[in-house]
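Position one of the sequence shown corresponds to residue 1 (the UniProt record's numbering), numbered consecutively onward. Have a look at the structure below before the remarks.
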Amino acid sequence: MIVLQVNQVHKSFGADEILSGVKLEVQHRDRVALVGRNGAGKSTLLKIISGEMSYDSGDIIMPKDLSVGYLEQQTDLESEATIWEEMMSIFDRFRAQETKLRQLEEQMADPAVYEQTALYEKVMKEYDILQHDFKEAGGYQYEADTRTILHGMKFYPNDYEKKVVSLSGGQKTRLMLAKLLLSKPQLLILDEPTNHLDIETLSWLENYLKNYPGAILIVSHDRYFLDQVVTIVYEVARHRVKKFTGNYSRYLDEKAKQYELDQKQFEKQQSEKAKLEDYVQRNLVRASTTKMAQSRRKVLEKTDWMEAPDGNEKSARFGFTIEKKSGNDVLSVQSLKIGYEGMPVSENISFKLYRQESLALVGPNGVGKSTLLKTLTKQLIPLSGDVHYGTGIQFGYYDQEQANLQGNKLVLNELWDDYPHINEKDIRGVLGRFLFSGDDVLKPVSSLSGGEKARVALAKLMMQKANVLLLDEPTNHLDLDSKEVLENALLDYPGTILFVSHDRYFMNRLATKVVELTQTGTTEYLGNYDYYVEKKLEMEELKALEMQQTTKVVQSSTTPSTSQIDKEAKKLERQLLRQLDEVEQEMDTLDQQIAEVEEQFTHPEIFQDHERLVPLQKELEELKSSHEEKMTFWLELQEQLEQINP
């Protein structure tokens, strides 16, 4: 079933064309991504689809009863309600039904009603219908669903009574996302949903969206997330959109192959065209060959010659260099305690960093990753512990808040004031490499977008030629193309890197070592992000099994070896995952069958025929009952899996 059709939509802001002849289609259960450069029009298209913005011409077609949920990049959730009250506001209908059910139960228990057979039967019938509708709509599980989603978004029972107005911007965004997921719209539209999410929450969201019962339309710059979730990609470029089937990596492959084929076809046509033009030019004035030349000229005029294929749009191009090498030992951190006076954030931090290493610092939001970078750069004083700096260290620091950029300065002066000995032409040349050309360099920094400010900050960082880079979320605000350019620049960088990032693809390419930070210390993993995840899972499995073994009544004097425990755990995990996969496939089949039956109800020849309608309704109820049983079983399997991997 098609839930959304966008046909020939055009949108301009004044003389600036944003979208031209856009076509897009989303079907039930589709997972669709919009990708493209910052400013290409992705968010504009989402706002048009969600009804938040008008468009100049074209058609947006959706079923009349379609429910649509839209999460914007910037949310402004202002409410005096508590977190739990805010979530419960979604279920006003359920709560009214619950009240009505309690009232009917009281009437049925009333002897005065019981003694009146007709009245009692009427109340019973009303109660049965309401209870059935309440159950079918999920009335008996909405509070459990709410707790599950709040937990996934890192809101725990002790947070439920907090006022929404007291939350940070990132927490409000997560709460808005939780509300949206809980309301389960048939079309879920998400604009950068991974912002403000740590890695653990990202993983939870990925798994939730894979099993989401409706269609999803996403804008995201998180490549790992897109690869895990989406199956269709629409590229927004040069005011138009183009469809690719598959996840983000598949889209990149297909785009490259298509460009290569188009380029070969274009070159072949140009060769044929050149030969015809040459023949016409040489033979048109000669009496013996003029007719043949005229014939070829007609071919030239009538042929619909292929235009040159669109290559990649202009990309930033930069690299990081160093003035001089540092010593081999760059940083040695021992028993460090960080935070603010009277408010420690994390302690017992210990790790070492050596020249040309690339260390990724990971951990949940609020654990002190940014605080640690500011402590290492001496912006904050350590509460206790020791930091030993190696010889010849020159720090270059990228602040995710871009606090070092001054809003009242022009882009040109933001660099030139730091390097007044360099002439204006060379400063403009540097900015040009970061896609600031012409009058762009005369814009005030305060007027720039997040992505533009990030490029200015990276330009300043490049000019420092520091031999140690401390990067706090350097990929925030960057589009996918700019991320790739930054990755390549850092991979070629001859110095040392210590960085914080939630971009798992970026970490995977860049990190040679991962240090996990908690409130009570650090753990080091010698590898990239995938290695870190693998080792962490192994350690958690082993820990869970050891805890289970200590709580069991010992049946035998022989204690199983660690390898045996590990083997049994993996065996059980494989069984559970296989069962989960089977149940999910069965649920998908049931979803399709339910959709097919519901679609029959829309046919006039059926809904007007009572004899055909009754068995169809019975079949639909049985399918939904089966689906609910499968869902209950799926939740039980998930709980068992969480016990193995807590």
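Ideal Cβ placement from N, Cα and C applies to all residues, glycine included. As the structure is a prediction and not an experimental result, all values here were calculated from the model.
Going by the beta-carbon positions, is the gap between residue i and residue j smaller than 8 Å?
i           : j    : result
G138        : I322 : no
S335        : S346 : no
Y142        : F91  : yes
Q579        : L637 : yes
L412        : L435 : no
residue 651 : V430 : Past the edges of the chain, shown from 1 to 646, lies residue 651, and the structure says nothing about it.
K337        : P382 : yes
L517        : G363 : yes
F155        : I83  : yes
residue 647 : L470 : For the chain, the structure presents residues 1 to 646; residue 647 sits outside this window and is missing.
G390        : G327 : yes
R433        : R317 : yes
D304        : Q400 : no
E598        : L620 : yes
L405        : P444 : no
Q258        : M306 : no
G451        : L478 : yes
G319        : D492 : yes
Let me know the secondary structure DSSP gives residue i once reduced to three states.
i           : result
N488        : helix
P344        : strand
Q5          : strand
D278        : helix
Q356        : coil
R297        : helix
E599        : helix
I594        : helix
Q334        : strand
F351        : strand
residue 680 : Residue coverage of the chain in this structure runs from 1 to 646, which leaves residue 680 outside it and unanswerable.
V362        : strand
D329        : strand
L641        : helix
Count the other CB atoms, across all protein chains shown, that sit within 10 Å of the CB of residue i; report buried if there are 16 or more and exposed otherwise.
i    : result
E596 : exposed
G368 : buried
Q555 : Here Q555 scores only 49 on pLDDT, less than 50, and its place in the model should not be relied on; the value that follows carries that caveat. Flag for Q555 reads exposed.
E2   : Residue 2 is actually Ile in this sequence, not Glu. Exposed.
N408 : exposed
S482 : buried
K460 : buried
D417 : exposed
T475 : buried
A511 : buried
M87  : buried
V241 : buried
S625 : exposed
T558 : At T558 the pLDDT is 47, less than 50, meaning the model places this residue with poor confidence; the figure from the coordinates comes in the next sentence. So T558 ends up on the exposed side.
V299 : exposed
I189 : buried
N423 : exposed
T371 : buried
Practice item. Would you list, in sequence order, the uninterrupted alpha helix (DSSP H) runs of no fewer than 4 residues that lie entirely inside the segment 71 to 119? Key: 83 to 88, 92 to 109, 111 to 114
Point to revise | Continuous alpha helix (DSSP H) assignments of at least 4 residues falling wholly in the segment 427 to 504 | key: 450 to 464, 480 to 491
Review point. Hey, is the segment 354 to 371 in contact with the segment 491 to 506, meaning 3+ C-beta pairs nearer than 8 Å?
Key: yes
Exercise for review: Let me know the alpha helix (DSSP H) ranges lying completely inside the segment 517 to 558, each 4 residues or longer, listed in chain order.
Suggested key: 529 to 551
Check your understanding: Is the segment 205 to 224 touching the segment 92 to 99, taking contact as three or more C-beta pairs under 8 Å?
Key -> no
**Study point:** Every unbroken alpha helix (DSSP H) within the segment 383 to 417, with a cutoff of 4 residues, ordered by chain
**Key:** 411 to 416
Exercise for review: Mind the definition here: the segment 6 to 13 touches the segment 196 to 207 only if three or more C-beta pairs lie below 8 Å; say whether that holds.
Suggested key: no
**Study point:** Entirely enclosed alpha helix (DSSP H) segments - the segment 108 to 183, minimum 4 residues
**Key:** 111 to 114, 117 to 136, 142 to 152, 169 to 183
Point to revise | contact_flag[the segment 460 to 476, the segment 176 to 191] where n(CB pairs < 8 Å) is 3 or more | key: no
Review point. What are the uninterrupted segments assigned as alpha helix (DSSP H) that are 4 or more residues long and contained completely in the segment 6 to 73, given in chain order?
Key: 42 to 50
Exercise for review: Evaluate contact between the segment 501 to 516 and the segment 58 to 65, counting only Cβ atoms and requiring at least three cross-stretch pairs below 8 Å.
Suggested key: no
Point to revise | Unbroken stretches of the alpha helix (DSSP H), 4 residues or longer, contained in the segment 179 to 255 | key: 199 to 210, 223 to 229
Practice item. Give a yes or no on contact between the segment 384 to 397 and the segment 518 to 537, applying the rule of three or more CB pairs nearer than 8 Å. Key: no
Check your understanding: On the three-pair Cβ rule with 8 Å, is the segment 31 to 42 touching the segment 224 to 235?
Key -> yes
Review point. So, do the segment 222 to 231 and the segment 246 to 264 have three or more beta carbon pairs nearer to each other than 8 Å?
Key: yes
Check your understanding: Do the segment 158 to 173 and the segment 68 to 78 meet, that is, are 3 or more Cβ pairs less than 8 Å apart?
Key -> yes
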